[in-house]
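J.: The structure under discussion is supplied below as C-alpha cells; questions concerning it will follow.
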Amino acid sequence: MIELINICKTYPIHHGRSQKLVLDQVNLRVNPGEKWGILGRNGAGKSTLIRIISGSDKPHSGRINKTMTVSWPLAFGDAFQGSLTGRDNAKLISRVYGVDFHQTLNMVEDFAELGTYLNEPVKNYSSGMRARLAFAISMAIEFDCFLIDEGMSVGDHRFAEKCNVELFQKRGDRAMIIVAHQTDLIRRHCDHAALLNNGTLTVMPSVDEAINAYEAL
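Quick look at the structure:
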C-alpha cells in the first residue's frame, strides 16, 4: 500500500520573491496490483508528484506511508554517477537495493543493448542511452509498484515495444502509477484514475470519467 496524506509542495518563483503552490493537500491510496493513471496538463505537477512518491523529492508538508517497494520513475537517469561507467552504476545500484549484481548485469547487458558503451562513463551517454540503462536496471530490480512518467523516452519504436512487453505484460501483477497528459496510455493500462489540476488531485469514479473531465479542461 502507498498512501499520500495531505501532501503539499511549493516552488519559488520570481527569483524567490514568491511561492507557487504545485500540490495542495493531495491524498491518494494505491493498493497492491492497482494501476493508477494521473492525468494533468503540462506544468500541472505530475512529475513533481511522482518524484515525491519515489522519494527523490520531498513535500513541504504531509506524509507518505509505504508498505510496498517503489521504483524510481522509469527511464529517469538523473540518479546516475556520471563519472562511473554504466556497468559500475549497475553495480552500485545493486548494492543499494541488496540484489545480486551479476543478475542485474546480465539483464542490463541483454536488455539495454548498449554494447561496449556499458564500459564508458555515463556522462558520455546520450539521453536515450541513459534512459535505456535506467529502464534495464529498473527491470532487473523487482518492485511492488512501478512509477511511470509519460515523458520517458527509451529509444526507437522497436525498443519501446520491447519495454512495453517487459513492463506491462511480464509485470502485469504489480501496482503502477502512470502520470500523463495523453489519454491513450491511461485508457490502455489503468483501472483507476485521478485528475491533477491547479494543485488539486481529484480521484474520479472511473477511468473514462477522468478522461472526460481532463478533456473538458
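If you read the sequence shown in the numbering used here, its first letter stands for residue 49, the second for the next number, and so on. Glycine included, each C-beta is placed from N, C-alpha and C at the ideal position. On a predicted model such as this, the values are computed, not experimentally measured, just so you know.
CB Pro121 to CB Asp197, shorter than 8 Å?
T.: Cβ atoms of Pro121 and Asp197: closer than 8 Å.
J.: Once DSSP output is grouped into helix, strand and coil, what is the label at His205?
T.: helix
J.: Hey, how far is the Cα of Ser174 from the Cα of Ser104?
T.: Computed Cα separation, rounded: 22 Å.
J.: Pull the bridge partners of Gln67 from the DSSP assignment, please.
T.: Pro60
J.: Are the Cβ atoms of Leu244 and Gly88 separated by less than 8 Å?
T.: At a Cβ-Cβ threshold of 8 Å, Leu244 and Gly88 count as neighbours.
J.: Do Arg135 and Asn167 have their CB atoms nearer than 8 Å?
T.: yes
J.: Tell me the residue span of the beta strand (DSSP E) that contains Val118.
T.: Residues Val118 to Pro121.
J.: Should the region 89-97 be called in touch with the region 222-229, which here means at least 3 C-beta pairs below 8 Å?
T.: yes
J.: With burial defined as no fewer than 16 other Cβ atoms inside 10 Å of the residue's Cβ, what is the status of Thr152: buried or exposed?
T.: buried
J.: Are Val170 and Phe128 touching if we call contact CB-CB under 8 Å?
T.: yes
J.: Leaving out five residues before and five after Ala261 in sequence, what residues of the same chain have Cβ atoms less than 7 Å from its Cβ?
T.: So the qualifying residues of the chain are Leu243 and Met252.
J.: Cβ of Glu51 within 8 Å of Cβ of Asp239?
T.: no
J.: Can you tell me whether Thr250 is buried or exposed? The criterion is at least 16 other CB atoms within 10 Å of its CB, across all chains shown.
T.: exposed
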